[in-house]
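Counting from 0, one number per residue, gives the positions in the sequence shown under numbering that gives the first Met the number 0.
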Amino acid sequence: MNFIQTKNLDLYYNINQNINSVISIITNRMNKINDIYKMKFTNLTLYLFNDKNEFISHLKNKFSISNMPDWIKGLNVKTESFVLIEDIGEKITDDSYNRIIHELIHQNLFKTFCTNKMLPKWLDEGIALYFSEQFSNNEKIKIYKHLKYGEIPNLQTLNENFVLSGGYHLAPSIIEFIIETYGVDEIYKLSEDMNKSDNNSSLEILYKNWYNYLKNNYLMEK
Ligand SMILES: [Zn+2]
0 MNFIQTKNLD LYYNINQNIN SVISIITNRM NKINDIYKMK FTNLTLYLFN
50 DKNEFISHLK NKFSISNMPD WIKGLNVKTE SFVLIEDIGE KITDDSYNRI
100 IHELIHQNLF KTFCTNKMLP KWLDEGIALY FSEQFSNNEK IKIYKHLKYG
150 EIPNLQTLNE NFVLSGGYHL APSIIEFIIE TYGVDEIYKL SEDMNKSDNN
200 SSLEILYKNW YNYLKNNYLM EK
C-alpha cells in the first residue's frame with residue numbers, strides 16, 4: 000500500500016483518486032467537527048481502499064476474522080480505521096467521506112476515553128453517527144415511527160442489541176438531546192465517567208429525560 004503522513008493522519012491507501020484532495024477534505028471535516036463540537040483529533044491511522052476484495056482480505060488477514068459480513072464498508076479496531084470508499088466517476092461519494100469521519104471519530108474516542116474500558120455502544124456509535132452527519136431525516140422519521148408504533152429500549156438493551164433495537168437512529172438522538180439540553184461538554188464528561196464506572200443511577204435519569212425529549216420533539220402531529 001502507499002503511505003503518506005500528515006499532521007493528523009498516518010494514511011495507508013490504495014485508491015485511484017488524488018490523495019491530496021482526499022486528505023484536504025478529511026482535514027476540513029475534522030476541523031469543522033473541532034469547531035462545532037470541540038473534539039480534538041489526535042494523530043490517527045487510516046487505511047483506504049477502492050477495491051472491496053482487497054478491503055475484506057486485508058481485514059481478514061490482519062485480524063483473523065473469518066466471518067466478515069459482506070455489507071461492511073468501514074471498521075475501526077482500537078487505533079486503526081479501515082474504510083472502503085466508493086466513487087461516482089472521479090468523485091468520492093459523500094457517504095464514503097461520512098464513513099471515513101465516522102471511523103476516525105471511533106478511533107479518536109478510543110484513544111481519548113477508553114484507557115480503562117470501552118465506551119457503551121450507544122455512546123460510542125451515537126457520537127460517531129451524530130458528529131459525522133449521518134443522523135439524517137431518514138433516521139429522524141424512523142424515530143417518529145418508533146415512538147408511535149414501538150417501544151423505546153433502555154440504554155442497556157440498546158447496548159446489548161444495538162442494531163435490532165434501533166441503535167442506528169436512536170443512539171444519535173441521545174447525543175442530540177444531550178447537546179441541545181446540557182451542551183457539548185456534557186458528552187465528554189459522560190464519556191470520562193463511563194471510562195471510570197458504569198454510573199447506573201445517572202443513566203436512568205438520562206434515559207427518562209431523553210425519552211421525554213423524543214416525545215416532545217419527534218412526536219408532533221403534522
Ligand atoms: Zn460505528
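Glycine included, each C-beta is placed from N, C-alpha and C at the ideal position.
If you check the C-beta of HIS145 against ligand 1, you find no heavy atom less than 8 Å away.
For ASP86, the three-state secondary structure derived from DSSP is strand. For ASP123, same chain residues with a beta-carbon under 8 Å away, outside a window of 5 residues either side, are HIS105, LEU108 and MET117 in chain order. At a threshold of 8 Å, ASN75 counts as near ligand 1, since its beta carbon sits closer than that to one of the ligand's heavy atoms. GLY73 has VAL82 as its beta-bridge partners, per DSSP. Take the alpha-carbon of ILE14 and the one of GLY73: they are about 15 Å apart.
If you check the CB distance, TRP209 and PHE161 do not come in under 9 Å. Between the stretch 165-178 and the stretch 138-151 there are three or more inter-stretch CB-CB distances shorter than 8 Å, so the stretches are counted as touching. By the Cβ criterion, the stretch 37-44 is not in contact with the stretch 54-64, since fewer than three pairs of Cβ atoms, one from each stretch, lie closer than 8 Å. Rounded to whole angstroms, GLU203 and LEU189 show a C-alpha spacing of 13 Å.
In this chain, PHE134 is not harboured by any alpha helix (DSSP H), its DSSP state being neither H nor E.
DSSP, reduced to helix, strand and coil, places GLN16 outside both helices and strands of the structure shown, so it counts as coil. When DSSP states are grouped into helix, strand and coil, LEU218 belongs to the coil group.
Taking C-alpha positions only, LYS31 is separated from LEU83 by approximately 23 Å.
The closest CA to that of ILE100, considering only SER80, MET219, TYR148 and THR180, is found on SER80.
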